[in-house]
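J.:
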Amino acid sequence: MSKFKMSRRMAILSAASLMSLATAAQDIKLGFNGDLSASPSAQSGAAGVLGIQAAIEDINAAGGINGRKLTLVIRDDQSQPPKSIQNMSDLIDNEKVVAVFGPTNSGNAMAWKHIPNQKKVVSMGMIGGGTDITKGTGGDNYMFRVSMVDREQVAGIMAYAHKAGYKKVGLLTETTGYGAGGLKDMQEIGKLHGIDVSVSEKFAVADTDMTSQLNKMKAAGVDAVAVWAQGTPTGQLMRSMEKINYFPPVLSSWAADNITFYDAAGKSLAEKPIFMRTMVDPTTPKQKELFERTKSKLAAPSAFPFVVHGYDAVQLIAASIRQAGGTDGEKMRAALEDLKDPVAGAMKTYNKPFSKTQHEALTASDFAFVKWNAGKLVQVSDPVIKSLTAADFKR
Amino acid sequence: MDIALLQALLSGAAVGSTYALVALGFSVTFTTTKTLNFSHGEFVSAGSFIGMSVLFLALGKPITSTSFGGEITGNGAQLFALLAALGVMGILGWLLYLLGVRPFSRKPGMSWVMSTLGFGVILQSIGLAIWGPKPVVVPGPVGDEVVRLWGIGIRPQEILMLVVSVSIMVLFDHVMRKTMVGKAMRAVAQNPSVASLMGINVNAMMIGAFVVSSALAGLSGFMLAPIAQASLFMGLAVGLKGFSAAMVGGLNNARGCVLGGFVLGILESLVNLWSAQWREVAIFALVIVVLAVRPTGLFGTKMVEKV
Chain R
0 MSKFKMSRRM AILSAASLMS LATAAQDIKL GFNGDLSASP SAQSGAAGVL
50 GIQAAIEDIN AAGGINGRKL TLVIRDDQSQ PPKSIQNMSD LIDNEKVVAV
100 FGPTNSGNAM AWKHIPNQKK VVSMGMIGGG TDITKGTGGD NYMFRVSMVD
150 REQVAGIMAY AHKAGYKKVG LLTETTGYGA GGLKDMQEIG KLHGIDVSVS
200 EKFAVADTDM TSQLNKMKAA GVDAVAVWAQ GTPTGQLMRS MEKINYFPPV
250 LSSWAADNIT FYDAAGKSLA EKPIFMRTMV DPTTPKQKEL FERTKSKLAA
300 PSAFPFVVHG YDAVQLIAAS IRQAGGTDGE KMRAALEDLK DPVAGAMKTY
350 NKPFSKTQHE ALTASDFAFV KWNAGKLVQV SDPVIKSLTA ADFKR
Chain B
0 MDIALLQALL SGAAVGSTYA LVALGFSVTF TTTKTLNFSH GEFVSAGSFI
50 GMSVLFLALG KPITSTSFGG EITGNGAQLF ALLAALGVMG ILGWLLYLLG
100 VRPFSRKPGM SWVMSTLGFG VILQSIGLAI WGPKPVVVPG PVGDEVVRLW
150 GIGIRPQEIL MLVVSVSIMV LFDHVMRKTM VGKAMRAVAQ NPSVASLMGI
200 NVNAMMIGAF VVSSALAGLS GFMLAPIAQA SLFMGLAVGL KGFSAAMVGG
250 LNNARGCVLG GFVLGILESL VNLWSAQWRE VAIFALVIVV LAVRPTGLFG
300 TKMVEKV
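Residue numbers (numbering that gives the first Met the number 0), protein chains in the order written: chain R, 0 to 394; chain B, 0 to 306.
#1: Under 9 angstroms between C-beta atoms, does R/Asn-402 make it to chain B?
#2: On the DSSP bridge assignment, give the partners of R/Asp-184 in chain order.
#3: So, for R/Ala-231: in the same chain, excluding its five sequence neighbours on each side, which residues have a beta-carbon less than 6 angstroms away from its beta-carbon?
#4: Residues of chain B with CB under 8 angstroms from R/Phe-202, in chain order?
#5: With 9 angstroms set as the bound, which would you pick, yes or no: does the beta-carbon of B/Lys-133 sit closer than that to a beta-carbon of chain R?
#6: Under the three-state reduction of DSSP, which class applies to R/Arg-396: helix, strand or coil?
#7: Within a Cβ cutoff of 7 angstroms, which residues of the same chain sit near R/Lys-330, ignoring the five residues on either side of it in sequence?
#8: What residue range does the alpha helix (DSSP H) around R/Leu-387 cover?
#9: Among residues of its own chain, excluding the 5 on either side of R/Met-0, which ones have a beta-carbon nearer than 7 angstroms to its beta-carbon?
#10: Return yes when the C-beta of B/Val-162 is under 8 angstroms from any heavy atom of the ligand SAM, and no when it is not.
#11: Please list the terminal residues of the continuous beta strand (DSSP E) segment that includes R/Asp-311.
#12: Using DSSP with H/G/I as helix, E/B as strand and the rest coil, what is R/Gln-100?
#13: Return the residues of the stretch 56 to 85 of chain R that lie within a Cβ-Cβ distance of less than 8 angstroms from chain B, sorted by chain order.
#14: Report buried or exposed for R/Ser-88, applying the criterion of at least 16 other Cβ atoms within 10 angstroms of its Cβ.
#15: What residue does the alpha helix (DSSP H) around B/Phe-171 start on, and which one ends it?
#16: Using a Cβ-Cβ distance under 9 angstroms, would R/Glu-270 count as near chain B?
#17: Along the chain, where does the beta strand (DSSP E) that runs through R/Met-123 open and close?
#18: Between R/Ala-205 and chain B, is any beta-carbon pair separated by less than 9 angstroms?
#19: Can you list, in chain order, the residues of the stretch 218 to 232 of chain B whose Cβ is nearer than 9 angstroms to any Cβ on chain R?
#20: Assuming B/Met-204 and B/Thr-31 are in contact, meaning their beta carbons sit under 8 angstroms apart, how far apart are those beta carbons, in whole angstroms?
#21: Chain B partners of R/Lys-215, CB-CB under 7 angstroms?
#22: Along chain R, which residues have their Cβ under 7 angstroms away from the Cβ of B/Ala-45?
#23: What are the uninterrupted segments assigned as beta strand (DSSP E) that are 3 or more residues long and contained completely in the stretch 226 to 277 of chain R, given in chain order?
#24: Return the CA-CA distance between R/Gly-138 and R/Thr-356, expressed in angstroms with no decimal places.
#25: For B/Ile-151 and chain R, any beta-carbon pair shorter than 9 angstroms?
#26: I'd like the list of long-range same chain contacts for R/Lys-294, defined as Cβ closer than 6 angstroms, with 5 residues on each side in sequence excluded.
#27: For chain R, check one thing: does any of its Cβ atoms lie closer than 9 angstroms to the Cβ of B/Gly-69?
#28: Using a C-beta to C-beta distance shorter than 9 angstroms, which residues of chain B count as neighbours of R/Asn-244?
#29: Taking all protein chains shown into account, decide if B/Ile-71 is buried (16 or more other Cβ within 10 angstroms of its Cβ) or exposed.
#30: Using a 10 Å radius around the Cβ and a threshold of 16 neighbouring Cβ atoms, would you call B/Ile-129 buried or exposed?
#31: Determine, using beta carbons only, whether R/Lys-375 comes closer than 9 angstroms to chain B.
#32: Please tell me whether B/Ile-153 and R/Lys-242 are closer than 9 angstroms, where the distance is taken between their beta carbons.
#33: So, is B/Arg-147 buried or exposed, given that buried needs 16 or more other C-beta atoms within 10 angstroms?
#34: Would you list, in chain order, the members of the stretch 154 to 175 of chain R that have their beta-carbon closer than 9 angstroms to a beta-carbon of chain B?
#35: Assign R/Lys-370 to buried or exposed, taking buried as 16 or more other Cβ atoms, counted over all protein chains shown, within 10 Å of its Cβ.
#36: Using CA atoms only, rank isn't needed, just tell me which of R/Gly-234, R/Asp-131 and R/Ile-73 is closest to R/Leu-171.
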């Protein structure tokens, strides 16, 4: 290559990069940081990204925000906390994104939640459900969420137990951080309803026989059991119920919506527990349209709620930029905490979803009770659920 | 007797029979070579995935599938899966001995500990590359309908596990005590050079021990998959409990290993009946107490020579 050709190529290259810099200054960059490839929940992450992209398409097609287009920078954290922390700094410091969506796994959000707070960049969770993710740590809190929340699920199932007239609910939890968190929430909220939650048994994630624990529940005469565990052990628990032919009503964490639960329990036993989800099937025209747009790229139809969460997360961020009149992190956070206009999302229309202390866009009254039926998730609608009002959800 | 207690005893024995089978696998190599395969647990999970792959192929599904979707397999396929698990794992055991144990055994240092552990990590990584982390529910050869006896329930696969582990114990016990092969194995363990001078093919004995031990891991995995699901992460728990069973019962005694397995399984189940969160504490406290009082296990024979 001659020197002349080389320098000409350099000139073209630098012109091109200058041009892209110029457009980048116009565009508003958003980031996604979450597992897209490594853990079983990666398919939830991928579905979330589909929703984010769909919302960005819609907003850009309508002319962007004040004439500025939205773009998305995607970083896979492979479910590893160190990688997730690194991605967070990369997105905020190098890519200069104005908001970050994700992560897929709650543990990773706990690993980096100090970063958005220090850098004053809004993080909008739309997958992981860990209760403490959005909890403030003193000072301004930049962690928001549009997704399932563990403690809100507990609020839901305990409200159900109370309305159904269960006086004594046995708690069955796995011996992990997830199980321990659920146990604490269930004990606290159960007591708020005056339910006797003193009978509590534990099992390990890899256990194959929980008949001893179940026999203790039976001996204690509980009216129902509430289970907080991952999909596979919850399935093994149902199999142990079959062994001793003991089938109390079962209320469970949403881990039961995972295919690992369905596989482990088998078709008929999987139909026993009821649990909560943000939604089941697309019902509104907006949801149906979104489903048609994304279904060919979805790993499983059951991951569709994350498309909706991702879509709404972008709409809420866009609303905060409009209200703040720019992409300053502090102003966006303040705008989110006091959104003046309703925001039309795919899940619902958000009317002042957040406040200084409330950073969850979705709470128990937005969720649906579901169960497995003939291999599909279906919405449950019994007299107890119909009678539930927002005031019943104590937390 | 109380139904709940009976259920706990039977369930415990069913879980314990898994530990027993794994403990036997540890015992075989120890009684011959004085070494152990520290990734025996990963070999168990490898065995379950090999059996599972054969069943997938028999149903005309790709080998990399992750669900049977409730499909039932025929007896022929199950038998073939069992043979494949035994055969492939046997070959892996031979490789493990050649590459991971022989170069280091009877040499100062503990290199074989590291090399056997490493072998397990390699197997697990290959498995993850092929099937990913999702556990797979595998259909068993004897169905899944709960069998009820006097109000207590057990699954057919668990009964099969009980029968198989006791049968294997009886067989091993007979071989070790009553046959020339058993004598030769013990001779090799005692003093390989003298055994060699007596006309025993020491190398063949040692290879044989690793092949049999790994084939046993294959059998454990094949039997365990319908109960606990085939999972690439079950190795650690299964291996640790199996090893504990061998320590409690006696690493150099087949009867001891199996009884140790049953003792641990039933103890777990009884502790569950009391307070499940103290289970692991109770198990490992028992292991420590047994090791302190009887270092060779409840049924183990004393070894005179200690390195």
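From the three backbone atoms N, C-alpha and C, an ideal C-beta is built for every residue, glycine too.
Given the structure is predicted, the values throughout are model-derived calculations rather than measurements.
T.: Well, looking at it:
#1: Residue 402 of chain R is absent from the model: chain R starts at 0 and stops at 394.
#2: Answer is none; R/Asp-184 lacks a bridge partner.
#3: As written in the sequence, residue 231 of chain R is Thr, which differs from the Ala given in the question. Only Thr-259 and Ala-263 meet the Cβ criterion.
#4: Asn-271 and Ala-275
#5: yes
#6: In the structure as shown, chain R starts at 0 and stops at 394, and residue 396 of chain R therefore has no counterpart that could be examined.
#7: Ala-323
#8: In the DSSP annotation of this structure, R/Leu-387 is not part of any alpha helix (DSSP H), being labelled neither H nor E.
#9: Residue placement at R/Met-0 cannot be trusted, given a pLDDT of 45 that sits under 50; what the coordinates show is reported in the next sentence. Same-chain partners within the cutoff: there are none.
#10: For the ligand SAM, the structure offers nothing, since it holds no ligand at all.
#11: Per DSSP, R/Asp-311 belongs to no beta strand (DSSP E); it is in the alpha helix (DSSP H), 303 to 323.
#12: The sequence shown places Phe at residue 100 of chain R, rather than the Gln named in the question. R/Phe-100: strand per DSSP, three-state reduction.
#13: none
#14: An exposed status is given to R/Ser-88, since fewer than 16 other beta-carbon atoms sit within 10 Å of its beta-carbon.
#15: 155 to 177
#16: no
#17: That run of the beta strand (DSSP E) goes 121 to 124.
#18: yes
#19: Leu-223, Ile-226, Ala-227, Gln-228, Ser-230 and Phe-232
#20: 6 angstroms
#21: Leu-272
#22: Residues of chain R passing the Cβ test: none, with the nearest at roughly 17 angstroms.
#23: 249 to 251 and 274 to 276
#24: 11 angstroms
#25: yes
#26: none
#27: yes
#28: Val-145, Arg-147, Gly-150 and Gly-152
#29: exposed
#30: By the neighbour-count definition (other C-beta atoms within 10 Å, threshold 16), B/Ile-129 is an exposed residue.
#31: no
#32: Less than 9 angstroms separates the beta-carbon of B/Ile-153 from that of R/Lys-242.
#33: exposed
#34: Thr-174
#35: The Cβ neighbour count for R/Lys-370, taken over all protein chains shown within 10 Å, is at least 16; the residue is labelled buried.
#36: R/Gly-234
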